[in-house]
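Take a look at the structure set out below.
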Ligand SMILES: [Zn+2]
C-alpha cells in the first residue's frame, strides 16, 4: 500500500493491520466510497480490507461512518469494492459484519446463500460493470436454511428453494441419520454449500471466470460464526 492511498482508508494502520494486530486496531474514521478508493484496491486487498473490517466488528472498534455524507457522495455514482452473497438470516448483515458503509459493497442475500442465474447475473453487474474486485460467498453457522435442507422440510415455495442446497447435502458425505440434530453434519453441509457456490460461479459465468483469470477479481468462500461474529475464510 502506497502512502498516497492511506487517505482513502483510515487514520490508523487498521487497513494494513490484517491478521493478529487487526483486533487491536482503533480505526475511527470511515473510508469514503470514492472512485479513487475503488481504484486503489487490488482484488486481494479488498479481501484483506473486509477481513480487517470483520476484526473491527468482532473487537467492537467499528469505524465511525457519516452515512449522510456517504449518501451525498454516492448520489451520482457508486464505486463498491466487493460483492457479498449471503444468507437472509437476521444475524449476518454483511455491511455490519465487514464494517462497511454506504456504497462499499453489493449484497445479494437469499436463504442458504446459494447462487442461481439471477444472483450470478447480479454479480456480473457488480464486478464487470460497477468495478467490484472481490466476491465473498458468506455462509454462517446454525443456518436455518441448511438445517431445513438437511431435514428435507416441505413448506410452500420453500420446498423448491431448498433443492438448491441439496448438492451440498450430497457433497457433505454419507451420514447414518440425515438430521439437523447432527450439528457437525449441518456445518459440513454449510461449508460444502459455500464451496459449491464459489465453484458454481466460476463454472457458470464466463464473465467472472475471465476476470479471475485476468487477475481483476478474486472469489472466496467464508464462514461467519454467529456466536462470535468472526468470519473465517474457507
Ligand atoms: Zn442462513
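In the numbering used here, the protein residues as written are -16 to 217.
Glycine residues also receive a C-beta, built at the ideal position from the N, C-alpha and C atoms.
Following the continuous beta strand (DSSP E) through residue i, name the residue where it begins and the one where it ends.
i	result
residue 15	Looking at the DSSP string, residue 15 is not in any beta strand (DSSP E), and its letter there is neither H nor E.
residue 92	88 to 92
Under the rule that 16 or more other beta-carbon atoms within 10 Å means buried, what is residue i, buried or exposed?
i	result
residue 124	buried
residue 118	buried
residue 60	exposed
residue 21	buried
residue 215	exposed
residue 72	buried
residue 101	exposed
residue 197	exposed
residue 8	Low local confidence applies: a pLDDT of 49 at residue 8 is under 50, so the model's placement there is unreliable, and no value is given.
residue 153	exposed
residue 157	exposed
residue 43	exposed
residue 58	exposed
residue 106	buried
Identify which residue in the options has its Cα closest to the Cα of residue i.
i	options	result
residue 19	93, 164, 200 and 87	87
residue 201	11, 31 and 15	31
residue 83	190, 166 and 11	11
residue 25	64, 166 and 156	64
residue 164	193, 175, 127 and 178	127
residue 193	180, 110, 27 and 57	110
residue 121	217, 14 and 27	217
residue 68	212, 179 and 189	179
residue 224	173, 209, 49 and 159	For residue 224 there is no data in the structure shown, the boundaries of the chain being -16 and 217.
residue 80	36, 114 and 116	36
residue 210	56, 168, 75 and 139	75
residue 53	89, 187, 15 and 114	15
residue 204	159, 97, 130 and 104	97
Per DSSP, what are the beta-bridge partners of residue i in this structure?
i	result
residue 118	66 and 202
residue 215	206
residue 47	12
Looking at the unbroken alpha helix (DSSP H) that takes in residue i, where does it start and where does it end?
i	result
residue 183	166 to 187
residue 79	77 to 80
residue 61	From DSSP, residue 61 is part of no alpha helix (DSSP H); its letter is neither H nor E.
residue 146	That residue, residue 146, is in no alpha helix (DSSP H); it is neither H nor E in DSSP.
residue 38	26 to 42
Determine, using beta carbons only, whether residue i comes closer than 8 Å to chain B.
i	result
residue 134	The structure shown contains no chain B, having only a single protein chain.
Subject >> Nearest-residue set for ligand 1, Cβ under 5 Å from any heavy atom >> reply: 70, 72, 126 and 128
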